[in-house]
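24 is the number of the first residue of the sequence shown in this note's numbering; add one for each residue after it.
Note that beta-carbon positions come from the ideal geometry of N, C-alpha and C, so glycine has one too.
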Amino acid sequence: MAPEIFTGANGVEVVNLLTIYYRLATFFTWLGTACAVGVLGILLFPPDTQSDEEGGKSKSIKEWLRIKNNKKIIIRAIFIVIPVVIGVLALTLSNELFMDPDFPVLYSIPDNLITIQIGSWEYPIGRFLLNFIFMPLFLALIPVMFIYLATKTFGVLRKSYAWNAIGFLLYYTGRILQGALNVAEFPHLRAILPTFIILLALLILVIANNYEQLK
């Protein structure tokens, strides 16, 4: 990785640079996820057409929370905040949590990784949580929500929601495969398969969100 900038004596600097790239990519991925679940929150919990806040009277927090629209606002906000928090943590926590486990050998730097050990297998705990805990949760959450929306609608909207479910399922499958194939040390498969799946997913998502125009 990055052989063109590695001179043999600047391993720490190269690793810091590559880790920053990884952090930024992860951060923007989770920002995109926040946008997706934000849209889903609006679709699942749309605001009522008749507001029950009329009158302009000041209300206590308890009274404010009793209003149905306000409860929906809180749920939609939670949907958005969780992925943003995950992205910010990936951007700010220690390098030892997220560093590629091959870097200490490749770049001759001290091995200070904070890892999780399952049997004889070790992996950085930050990457483990991102690749094998949080990502699968969203892999399940977003497609299931779109499938739910598809079952509640008809016609073009139903087909659009169904295609969105397939697109997000493929997208997150590709993201998880990136981590899994990295662990399994299949460099050629890792370079081709996840990228192909992610590009296919993006194409399906474009079709899903322009379904009526493309008919």
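Starting from residue i, follow its DSSP beta bridges and name the residues at the other end.
{"i": "E36", "result": "Answer is none; E36 lacks a bridge partner."}
{"i": "I139", "result": "Y146"}
Please state whether DSSP places residue i in a helix, a strand or coil.
{"i": "I132", "result": "coil"}
{"i": "P147", "result": "strand"}
{"i": "I165", "result": "helix"}
{"i": "I90", "result": "coil"}
{"i": "L226", "result": "helix"}
{"i": "E77", "result": "Per-residue confidence for E77 stands at a pLDDT of 49, beneath the threshold of 50, marking its modelled position as unreliable; the derived number appears in the next sentence. E77 falls in the coil class under three-state DSSP."}
{"i": "N154", "result": "helix"}
{"i": "S83", "result": "coil"}
{"i": "P70", "result": "coil"}
{"i": "N233", "result": "coil"}
{"i": "F177", "result": "coil"}
{"i": "F191", "result": "helix"}
Would you tell me roughly how many angstroms separate the C-alpha atoms of residue i and residue j, rounded to the nearest one?
{"i": "Y44", "j": "F50", "result": "10 Å"}
{"i": "F209", "j": "L216", "result": "11 Å"}
{"i": "I199", "j": "P159", "result": "7 Å"}
{"i": "D123", "j": "P106", "result": "22 Å"}
{"i": "T115", "j": "D125", "result": "21 Å"}
{"i": "R89", "j": "I96", "result": "12 Å"}
{"i": "L223", "j": "L152", "result": "26 Å"}
{"i": "V38", "j": "G178", "result": "51 Å"}
With the cut-off set at 8 Å, would you say residue i and residue j are in Cβ contact?
{"i": "P70", "j": "N93", "result": "no"}
{"i": "T42", "j": "N118", "result": "yes"}
{"i": "V60", "j": "I109", "result": "no"}
{"i": "L136", "j": "P147", "result": "yes"}
{"i": "L129", "j": "G149", "result": "no"}
{"i": "W186", "j": "I221", "result": "no"}
Residue range of the alpha helix (DSSP H) that residue i falls in?
{"i": "L120", "result": "118-121"}
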